[in-house]
Every structure is written in C-alpha cells, then in structure tokens.
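Colleague:
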Amino acid sequence: MTLPGIPPCPEIEGVGRELKKTILSLYGRSLHLREVDTGSCGACESEIVALSNPIYDIQRFGIDFVASPRHADALVVTGVLSRNMALALKKTYDAMPGPKFVITVGDCTMDGGVFGASYYRARQGIQDIVGGVVLHIPGCPPSPEQVLSALLGFLKTRPPKER
Ligand code: SF4
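In numbering that gives the first Met the number 0, the protein residues as written are 0 to 162.
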C-alpha cells in the first residue's frame with residue numbers, strides 16, 4: 000500500500016520482498032507472531048506496533064501478529080521480564096504449538112538494560128522461561144527496519160528440518 004505523499008522506502012521494499020519469498024519457502028504460508036511485552040518502557044513495543052502501520056505494512060510481506068498463541072509460529076518478547084509477567088510469558092510459550100521459536104527485541108530483554116537490578120525484575124531471565132532465545136535483536140529500541148532485517152537474516156539460516 001502506498002500512502003499519498005509518502006513514497007515507499009526502497010530499503011524496506013527490498014527486505015520485505017525477500018522476507019516474503021523466504022517465509023513462503025519455509026512455511027508455505029504467512030509467518031504468525033505473538034507479541035508479549037513483559038515490562039518495557041513502551042518504546043520497543045511501539046516500534047513493533049509500527050510494523051503494522053500503513054508505512055511498513057508488513058502484512059503484505061507475509062508477516063502477521065496474532066492474538067492467540069495457539070496460532071503463532073514465533074513469540075516476540077519486548078521489555079525486561081517483570082515479576083508480574085513471568086507466569087504469563089510461560090503460559091503463552093507453553094500454549095504455542097511446535098516447532099516454535101523466540102525473538103527478543105531490545106537490550107533490556109537480555110540483561111535488564113537501563114532497568115538494571117530494579118526490584119520488580121523477575122529472578123529468572125526470559126531465556127530461563129522460554130527455553131532459550133533463538134533470535135535476539137539488540138537496540139534501545141531497534142527500529143522497524145532493523146527488526147525486519149534481523150528477522151530476514153535469521154530466517155535465511157533456518158535449517159530445512161526446522162522449516
Ligand atoms: S530496550 Fe530500551 S527502548 Fe526497549 S523497552 Fe528496554 S528501555 Fe525501552
């Protein structure tokens with residue numbers, strides 16, 4: 000979709016076209032993502048939400064966000080893991096059918112980032128709850144372009160048995 004007055008960005012179009020081709024060859028359909036914010040400042044989540052706006056419009060590249068974890072191929076996690084969200088994250092991950100993978104977005108998903116050792120951080124890390132993170136996208140926050148490029152780079156390395 001092209002908005003009047005907003006020309007398409009050639010970089011996004013190029014990455015998007017490759018994503019679409021790669022996703023189709025891996026899944027034979029679209030890639031479905033479930034996003035859980037476990038305690039972000041809101042910026043990483045905003046960048047993820049921006050992927051679905053009319054500028055990025057990632058649905059046309061074969062990527063969609065779903066409400067039910069039972070429909071998801073991958074889990075996208077933003078934010079430091081807060082105590083209140085640890086159980087919700089585990090339930091979401093457990094409800095997803097396999098094969099599944101996990102993408103963490105933003106520096107605080109790994110080591111707490113700017114939140115450091117805040118009192119509300121869960122004792123476990125995200126990795127402990129979801130059994131290992133497969134793709135981490137660094138940044139504070141990463142831009143939508145960085146998210147798309149990292150996802151493309153990752154999907155292109157998926158071995159055939161996991162496709
Ligand atoms: S990584 Fe930075 S931008 Fe993202 S949620 Fe954490 S503090 Fe916010």
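Virtual Cβ for every residue (Gly too), placed ideally from N, Cα, C.
Cβ-heavy atom distance between Val146 and the ligand SF4 below 7 Å?
Modeller: no
Colleague: Please give me, in chain order, every unbroken run of the beta strand (DSSP E) with length at least 3 that falls completely inside the stretch 12-66.
Modeller: 30-36 and 62-64
Colleague: How is Ser148 classed by DSSP in three states: helix, strand or coil?
Modeller: Secondary structure of Ser148 (DSSP, three-state): helix.
Colleague: Alpha carbon to alpha carbon, how far is Val104 from Leu196? Give it in angstroms, no decimals.
Modeller: The question about residue 196 has no answer here: the residues shown for the chain are numbered 0 through 162.
Colleague: Less than 7 Å between the CB of Gly112 and some heavy atom of the ligand SF4, yes or no?
Modeller: yes
Colleague: For Gln163, which residues from the same chain have a beta carbon less than 8 Å from its beta carbon, with the 5 sequence-adjacent residues on both sides left out?
Modeller: As displayed, the chain neither begins before 0 nor continues past 162, which places residue 163 out of reach and without an answer.
Colleague: Have a look at the DSSP bridge pairing and note the partners of Arg120.
Modeller: Ser81
Colleague: Roughly how many whole angstroms lie between the Cα atoms of Leu134 and Cys43?
Modeller: 15 Å
Colleague: Whose C-beta lies closer than 6 Å to the C-beta of Leu147 among residues of the same chain, with five residues either side of it excluded?
Modeller: Val14
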